[in-house]
Amino acid sequence: MRFSTMSLDSWREIAPFVDTLCLPIYSLEITKEKLELSRGKMIEFLVDSLEKQLAGRMLLLPSIPFFGDYEGEFTPFLTSILNNWQNSGFQFVVVVMDQDYSFQFPEVEPLQILPYVLKTDDIQDVEQIDEESKELYQEVLQLWLKNA
Numbered sequence: 102m103r104f105s106t107m108s109l110d111s112w113r114e115i116a117p118f119v120d121t122l123c124l125p126i127y128s129l130e131i132t133k134e135k136l137e138l139s140r141g142k143m144i145e146f147l148v149d150s151l152e153k154q155l156a157g158r159m160l161l162l163p164s165i166p167f168f169g170d171y172e173g174e175f176t177p178f179l180t181s182i183l184n185n186w187q188n189s190g191f192q193f194v195v196v197v198m199d200q201d202y203s204f205q206f207p208e209v210e211p212l213q214i215l216p217y218v219l220k221t222d223d224i225q226d227v228e229q230i231d232e233e234s235k236e237l238y239q240e241v242l243q244l245w246l247k248n249a
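Our numbering applies: residue 102 is where the sequence shown begins, and numbers increase by one.
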């Protein structure tokens with residue numbers, strides 16, 4: 102299920118079955134001379150694939166692109182999001198990131214947080230991206246099984 106295409110009525114129908122949120126995060130660099138989108142596009146591809154495979158149990162949230170200082174500006178923002186979900190009724194949050202930001206995810210029990218860092222560098226390497234998609238899917242399944 103995609104947050105961006107969901108109506109209130111459809112949410113009411115599926116909400117009891119959705120226990121997992123997927124939050125894509127990537128850095129974005131935009132100047133008049135440069136637009137860096139490749140890793141963000143790979144993140145979008147991975148989470149789209151994951152959403153199709155796990156439809157009915159996972160809600161894909163809109164991506165959060167960020168600019169600037171990750172630790173000083175973005176980390177408190179992400180921490181507040183996760184803390185806000187602490188008592189939301191969800192059990193799992195899959196955070197798919199374009200790089201390892203060395204972010205210490207807060208303990209927000211009962212939420213189980215799965216940070217996943219993109220490994221693929223080449224957006225043209227379809228085989229590598231497909232393998233990574235399978236790996237992410239397996240990690241989510243393992244998270245669910247571990248907490249069953």
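Just so you know, even glycine gets a beta-carbon here, dropped at the ideal spot from N, CA and C.
1) Go through its chain and collect everything with a Cβ distance to Ser105's Cβ below 7 Å, but skip five positions before and after it.
2) Using only CA atoms, which one of Val119, Gln205, Met102 lies nearest to Pro216?
3) Near Tyr238, which residues of its chain fall below 8 Å by C-beta distance, leaving aside the five closest residues on each side in sequence?
4) Answer with buried or exposed for Phe178, where buried requires no fewer than 16 other C-beta atoms within 10 angstroms of its C-beta.
5) Measuring CA to CA, which of Arg103, Phe167, Phe146, Cys123 is closest to Gln213?
6) Hey, quick one: how far does the alpha helix (DSSP H) through Thr180 stretch, first residue to last?
7) Leaving aside the five residues before and after Gly157 along the sequence, list all residues of the same chain whose C-beta is less than 8 Å from its C-beta, in chain order.
Quick look at the numbers:
1) Taken in chain order, the residues that qualify are Pro163.
2) Gln205
3) Ser150, Leu151, Gln154, Leu155
4) By the neighbour-count criterion, in which a residue is buried when 16 or more other Cβ atoms sit within 10 angstroms of its Cβ, Phe178 is exposed.
5) When only C-alpha atoms are compared, the closest one is Cys123.
6) That run of the alpha helix (DSSP H) goes 176–185.
7) Met102, Ile115, Phe118, Val119
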